[in-house]
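Below: the structure, in structure tokens.
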Amino acid sequence: MLDDQTVKTQTMKGSPYAKIFERRITEWEDWLTYTFNLTNAWKNVQQVWIYLEPIFSSPDIVKHLPMEAGKFRDVDANWRSLMSRINQTP
Numbered sequence: 012m013l014d015d016q017t018v019k020t021q022t023m024k025g026s027p028y029a030k031i032f033e034r035r036i037t038e039w040e041d042w043l044t045y046t047f048n049l050t051n052a053w054k055n056v057q058q059v060w061i062y063l064e065p066i067f068s069s070p071d072i073v074k075h076l077p078m079e080a081g082k083f084r085d086v087d088a089n090w091r092s093l094m095s096r097i098n099q100t101p
């Protein structure tokens, strides 16, 4: 949906009739770009988390790397809290 809206916005921006809406179109385009970059960053964090979560949940790893496991738990708690707040108020 985001890609579709971006294409539609770029199409509108190229229209000779869009001159009077140029500021609003540009603001919308900037918001779409920001949203794309933000969701891309979230996706990248989630991919790394999916890789690391089983590692740092392993009792053996926790035993051998307690400081790193603690840091991961802190980051994990912050990430879950952030995603929960975003889910409640998208």
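Residue numbers (this note's numbering): 12 to 101.
For every residue, glycine included, the Cβ atom is placed at its ideal position computed from N, Cα and C.
These numbers come from a predicted model, not from an experiment.
Minimum C-alpha distance to residue i - residue among the options
{"i": "residue 45", "options": "74, 95, 17", "result": "17"}
{"i": "residue 12", "options": "47, 31, 95", "result": "47"}
{"i": "residue 66", "options": "83, 31, 53, 38", "result": "83"}
{"i": "residue 54", "options": "71, 94, 101", "result": "94"}
8 angstroms Cβ shell around residue i - same chain, five flanking residues per side excluded
{"i": "residue 60", "result": "87, 90"}
{"i": "residue 33", "result": "24"}
{"i": "residue 56", "result": "90"}
Below-8 angstroms beta-carbon distance, residue i vs any chain C residue
{"i": "residue 57", "result": "Judged by its chain identifiers, the structure shown contains no chain C, having just a single protein chain."}
Distance between beta carbons of residue j and residue i, contact taken as under 8 angstroms
{"i": "residue 20", "j": "residue 49", "result": "Not quite, the Cβ-Cβ distance comes to about 17 angstroms (not below 8 angstroms), so this is no contact."}
Cβ-based neighbour list, residue i, same chain, cut-off 7 angstroms, excluding 5 preceding and 5 following
{"i": "residue 36", "result": "20, 23, 24, 29"}
6 angstroms CB neighbourhood of residue i in its chain, flanking five on each side removed
{"i": "residue 134", "result": "Lying before the first or after the last residue shown, residue 134 is absent from the chain, which here runs from 12 to 101."}
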